[in-house]
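J.: In UniProt numbering, the protein residues as written are 1 to 273.
1. For the beta strand (DSSP E) that contains residue 249, what are its first and last residues?
2. Does at least one heavy atom of the ligand PLP sit under 7 Å from the Cβ of residue 248?
3. If we count Cβ pairs, one from each stretch, closer than 8 Å, do we get three or more for the region 33-49 versus the region 219-239?
4. What separation, rounded to the nearest whole angstrom, lies between the Cα atoms of residue 217 and residue 247?
5. Exposed or buried, residue 150, counting other C-beta atoms within 10 Å across all chains shown (16 or more means buried)?
6. Leaving out five residues before and five after residue 226 in sequence, what residues of the same chain have Cβ atoms less than 6 Å from its Cβ?
7. Tell me whether residue 58 is buried or exposed, calling it buried when 16 or more other Cβ atoms sit within 10 Å of its Cβ.
8. Run the CB neighbour count on residue 163, radius 10 Å, all protein chains shown included, and call it buried at 16 or more, exposed below.
9. Any idea what DSSP makes of residue 99, helix, strand or coil?
10. May I have the straight-line CA-CA distance separating residue 281 from residue 105, to the nearest angstrom?
11. Return the bridge partner residues of residue 139 from the DSSP annotation.
12. Reducing DSSP to helix, strand and coil, say where residue 221 ends up.
13. What separation, rounded to the nearest whole angstrom, lies between the Cα atoms of residue 210 and residue 19?
14. Let me check understanding here. Comparing Cα to Cα, which of 234, 236, 124 and 120 lies closest to residue 137?
15. Which runs of the beta strand (DSSP E) at least 3 residues long sit entirely within the region 129-189? Give them in chain order.
16. Among residues of its own chain, excluding the 5 on either side of residue 272, which ones have a beta-carbon nearer than 7 Å to its beta-carbon?
17. Residue 186 and residue 199 look like a contact to me (Cβ under 8 Å); what is the Cβ gap, rounded to whole Å?
18. Around the C-beta of residue 261, are 16 or more other C-beta atoms found within 10 angstroms, so that it is buried, or is it exposed?
19. Please name the residue, chosen from 16, 37 and 74, that lies closest to residue 30 on a Cα-to-Cα basis.
20. Out of 172, 102 and 7, point me to the one whose CA is closest to residue 143's CA.
21. Compute the Euclidean distance between the alpha carbons of residue 238 and residue 180, then round it to the nearest angstrom.
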C-alpha cells in the first residue's frame, strides 16, 4: 500500500532532531542553521560563528563576538560610525558616556550626541534603549509574499507553489515537476496523465486514491458502503463486499438471503403462468 510522505518538520508533530531549522524534503529532511551559526559535522547541531576570530566582522577597532552575531566598538576617545564598524575621533565622548546608551552613541550635530541602535533595532521611548524594529510593518519588509519578523531582523518566504529568489525577497513559481512549500516536493503522480499542480500536487487522482502524489489509497470501507449482510474488504484502489454465510451477491453492495431469492423466483413463476 502506498502512503503520502510525512512532514518531519511539522511543528505540531516534529519528527526531526535539528537544533535550529528543519527543511522538509520529499525523501526526508535536512537541518540548517540561523544566520551567524554554522552546521556541525553531525548535520544536526549548530555552532556559533566567531566573526571576530575569523576576521569577517570588519570591525575597525574592537570586536566582541555574541551568539549568532558580533558587536563592534571603539576605544575611549572614539565613537562608532553609523555603519557600526568604523570609528571616528570625537571629543564629545564624555557626553556619550553620560547618555548611558544601550548600544552606542554618535554625534548628531556639531555640539551634541545621541544614541543609536544596530541594524534591526530602533530607539525606544527613552531615546536610550533599543527595541526590535518590525520591518514587516513597512511595505511587508519588501517581501513578495510572506514577511516574518524576529528579534533584530526578519526573513521572507513564499506561499506553497513558489520558491524564494536569490535576493531572498522575491518569489517565483515552482519549476515543472516540483510542487509544495519551497518547491521541495517532486511530482510523482500515480497516473502519468494527471496534471501536477504547483500548490497541491497531483490535481486529479484515479478513483480510490488521494494525496499529493495520488499514492494514498482511500479506505472506502470507512463510509460503510456494504449492506448489513456483508463485510466490507478494502483493496488497493477499490473495495468489495463479502456476503455473510447463507447470503448471495445481489449487486456490488447488497447481499440477498436464500429465502428472499426463493420468494422472488416463485413470484416470477406465478406471474408467467
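Just so it is clear, CB atoms sit at the ideal spot from N, CA and C, and this is done for glycine as well. As the structure is a prediction and not an experimental result, all values here were calculated from the model.
T.: Checking against the coordinates, here is how it stands:
1. Residues 247-249.
2. For the ligand PLP, the structure offers nothing, since it holds no ligand at all.
3. Fewer than three beta-carbon pairs drawn from the region 33-49 and the region 219-239 are found closer than 8 Å, and the two stretches are therefore not classed as touching.
4. Going from the Cα of residue 217 to the Cα of residue 247 covers about 29 Å.
5. Residue 150 is exposed by the Cβ-count criterion.
6. Spatial neighbours of residue 226 in its own chain (CB-CB distance under 6 Å, excluding positions within 5 residues in sequence) are listed in chain order as 232, 241 and 253.
7. When all chains shown are included, residue 58 counts as exposed.
8. Around the beta carbon of residue 163, a 10 Å sphere encloses 16 or more other beta carbons of the protein chains shown; the residue is thus reported as buried.
9. It is helical.
10. No statement about residue 281 is possible, as the shown extent of the chain runs from 1 to 273 and does not include it.
11. Residue 139 is not bridged to any residue.
12. Of the three classes helix, strand and coil, the one that applies to residue 221 here is helix, per DSSP.
13. Rounded to the nearest angstrom, the two C-alpha atoms are 33 Å apart.
14. For residue 137, the nearest C-alpha among the options comes from 120.
15. With a minimum length of 3 residues, the continuous beta strand (DSSP E) runs that stay inside the region 129-189 are 130-132, 146-150, 153-157, 162-164 and 171-173.
16. Only weak support is given to the placement of residue 272: the predicted model assigns it a pLDDT of 49, under 50, and the question is left unresolved by the model.
17. Their Cβ separation, rounded to whole angstroms, is 15 Å, which puts residue 186 and residue 199 out of contact at 8 Å.
18. For residue 261, the predicted model reports a pLDDT of 49, less than 50, meaning its position is unreliable and no value from the coordinates is stated.
19. Checking every option, the nearest Cα to that of residue 30 belongs to 16.
20. Residue 143 has its Cα closest to that of 172, out of 172, 102 and 7.
21. Here the alpha carbon of residue 238 sits roughly 28 Å from the alpha carbon of residue 180.
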